[in-house]
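J.:
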Amino acid sequence: MVKPDFKWIPLTLILALLAACSSQEKQPAQQDKVQEVGVQIIQPQSLEIQQTLAGRTTAYLTSDVRPQVGGIINKRLFNEGDDVKAGQALYQLDASLYQAAFNSAKGDLAKAEAALVSAQPKAQHYRNLLKIEAVSKQDAADAESSLKEYQAAVTSAQAALDTAKINLQYTTIRAPISGRIATSTYTPGALVTAEQTTALTTIQQLNPIYVDITLSSAELLALRKQMDQGQLQAINKIPVNIILEDGSTYDQQGQLQFIGSTVATDTGNVKLRALVPNPKYLLLPGMYVKAQLPMAINHQAILIPQTVVTRNHKGEPVVKLVNSQNQVEEKIIQTSETKGNQWVVTSGLKAGDRLIIDGASTVSSGSRVKITAQKNTVTSDVTTNSVTKGQ
């Protein structure tokens, strides 16, 4: 029998066999290697649902100043742009005709009162004569009728005097409300008429000031449905923070007064109105502002870091979880708003889920992992933990 001659086996073949054996020995070790990850335990928390909405400022009170009697303007008694008080004199009309009418009415009243004084004894005399049947009933009735006519004349004269006095007082045109007065559209020497269409000037009360806010009816409907279903809790007194046109926050906090009950047919929006202190008159009517207001509280909000959310091949947002077998699984989620650098998750996660927040990019679905760091969600107070919509 011929013995095999191993000395002719190629060196390369021997090296290949040795490499294969080494690979088979290392493969189980690689398969048994477990990736380390850090997780966050999902825990619902209370969260304000905060809206940022467009708004415009409106004067708290507005009054157009018009004359209630006609005449020539003698004087303008205010400086344009000043703050005026209710009842303050603004214009003085020529009062000569009204003073004459007042004096005439005063004389008519005196004449009527004198006639009444003369008629009263006569009427009383006829009453006494009638008791002893010394005068006919007709004569006594005529005396009583004359007395009543004189009494009516006095009443009429008094009313005429009151009217003349009021008209005389109207020649001094006064501020109907307190506020800041605008420019005057009439100058001294101009003729004005009672209740004319064009106002002499306008007064606006600016402290406090209204902010009229618009909210789409669809957003309002969604909020109310969530409240009805118990998903959100309504807030009774809603504070309002104002963002100015330069992006700065106004230093006075307002209060929501009401939510409108009708929808504008041209825009589909509902009107909200806030009342805001304005002691320095920084806010002027017609300014565009943004209003931040908490509309409700979600006591079961789930927040996760934005960095852990990726997209699958369908473009759906997904996160990676560690299941009960310490294996990685991908979960499709739905998000709504943001709070800082976090997403608010509306579906896909529940309390107790272990969300991979460290090492997610190095593991794949189905692989076994080892949890090295665990973070619990910190529940914040609702007054400081809010989410902004509509920016």
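Mature numbering (1 follows the signal peptide of the UniProt record, and there is no 0) puts the sequence shown at residues -25 to -1, 1 to 366.
Here a beta-carbon is modelled for each residue, glycine too, at the ideal position from N, C-alpha and C.
(1) Do G13 and D328 come within 7 Å of each other at the CB atom, strictly closer than that value?
(2) At which residue ranges does the stretch 180 to 266 contain complete beta strand (DSSP E) runs of 3 or more residues, listed in the order of the chain?
(3) Apart from the five residues just before and just after D356, which ones in its own chain have a Cβ nearer than 6 Å to its Cβ?
(4) May I ask which residues mark the beginning and end of the beta strand (DSSP E) holding K50?
(5) In angstroms with no decimal places, state the Cα-to-Cα distance between L330 and N301.
(6) Just to confirm, are V44 and A150 a CB contact at a threshold of 7 Å?
(7) How many angstroms separate the CA atom of A169 from the CA atom of T160?
(8) Taking I184 as the reference, give the member of A174, D203, V215 with the closest Cα.
(9) Rounded to the nearest angstrom, what separates S361 and Q10 at their Cα positions?
(10) Where does T138 fall in DSSP's three states?
(11) Out of V338, K140, L247, T240, state which residue places its alpha-carbon closest to the alpha-carbon of F233.
(12) Please classify A118 as buried or exposed, where buried requires at least 16 neighbouring CB atoms within 10 angstroms.
(13) Given a threshold of 16 other Cβ atoms within 10 Å of its Cβ, counted over all protein chains shown, does S131 qualify as buried or as exposed?
(14) Would you decide whether S38 is buried or exposed? Buried here means 16 or more other CB atoms lie within 10 Å of its CB.
(15) Would you kindly check if the distance between the Cβ of D69 and the Cβ of N54 is under 7 Å?
(16) From the DSSP output, in three-state form, read off L68 for me.
T.: Inspection of the coordinates gives the following:
(1) Taking the first residue of the sequence shown as 1, we reach residue 328 at position 353. Taking the first residue of the sequence shown as 1, we reach residue 13 at position 38. Contact flag unset, no.
(2) Restricted to the stretch 180 to 266, the beta strand (DSSP E) segments that are unbroken, complete and at least 3 residues in length are 214 to 218, 229 to 238, 244 to 251, listed in chain order.
(3) Walking along the sequence shown from the start, residue 356 turns up at place 381. Note that D356 scores 44 on pLDDT, short of 50, meaning its location in the model is unreliable and no value can be drawn from it.
(4) Looking up residue 50 in the sequence shown gives position 75. Looking at the DSSP string, the run of the beta strand (DSSP E) that includes K50 is 46 to 51.
(5) Along the sequence shown, one-based indexing puts residue 330 at 355. Along the sequence shown, one-based indexing puts residue 301 at 326. In a straight line, the C-alpha of L330 is about 12 Å away from that of N301.
(6) Your numbering for residue 44 matches position 69 in the sequence shown. Your numbering for residue 150 matches position 175 in the sequence shown. No; because the gap between Cβ atoms is not below 7 Å, this pair is not in contact.
(7) On the sequence shown, position 194 is the one that residue 169 refers to. On the sequence shown, position 185 is the one that residue 160 refers to. Rounded to whole angstroms, A169 and T160 show a C-alpha spacing of 16 Å.
(8) Residue numbering aside, residue 184 sits at position 209 when the sequence shown is read from its first letter. Nearest option by C-alpha distance: V215.
(9) Within the sequence shown, numbered from 1, the residue matching residue 361 stands at position 386. Within the sequence shown, numbered from 1, the residue matching residue 10 stands at position 35. Reliability fails at S361, whose pLDDT of 45 lies under 50, so the model's placement of it is uncertain and the value that follows must be treated cautiously. Rounded to whole angstroms, the separation of the alpha carbons of Q10 and S361 is 36 Å.
(10) For the purposes of this step, residue 138 is identified with residue 163 of the sequence shown, where counting begins at 1. If DSSP states are grouped into helix, strand and coil, T138 belongs with the helices.
(11) Position 258 of the sequence shown, counted from the start, is the residue given in the question as residue 233. Residue nearest to F233 within the set V338, K140, L247, T240 is L247 (criterion: CA-CA distance).
(12) Translated into positions along the sequence shown, residue 118 becomes position 143. Burial is judged here by how many other beta carbons sit within 10 angstroms of a residue's own beta carbon; A118 has at least 16 and is buried.
(13) The residue labelled residue 131 in the question sits at position 156 within the sequence shown. With fewer than 16 other Cβ atoms from the protein chains shown falling within 10 Å of its own Cβ, S131 counts as exposed.
(14) Within the sequence shown, residue 38 is the residue found at index 63, counting from 1. Counting of Cβ neighbours within 10 angstroms places S38 among the buried residues, the total reaching 16 or more.
(15) Walking along the sequence shown from the start, residue 54 turns up at place 79. Walking along the sequence shown from the start, residue 69 turns up at place 94. Cβ atoms of N54 and D69: not closer than 7 Å.
(16) For the purposes of this step, residue 68 is taken as the residue at position 93 of the sequence shown. Strand, per DSSP.
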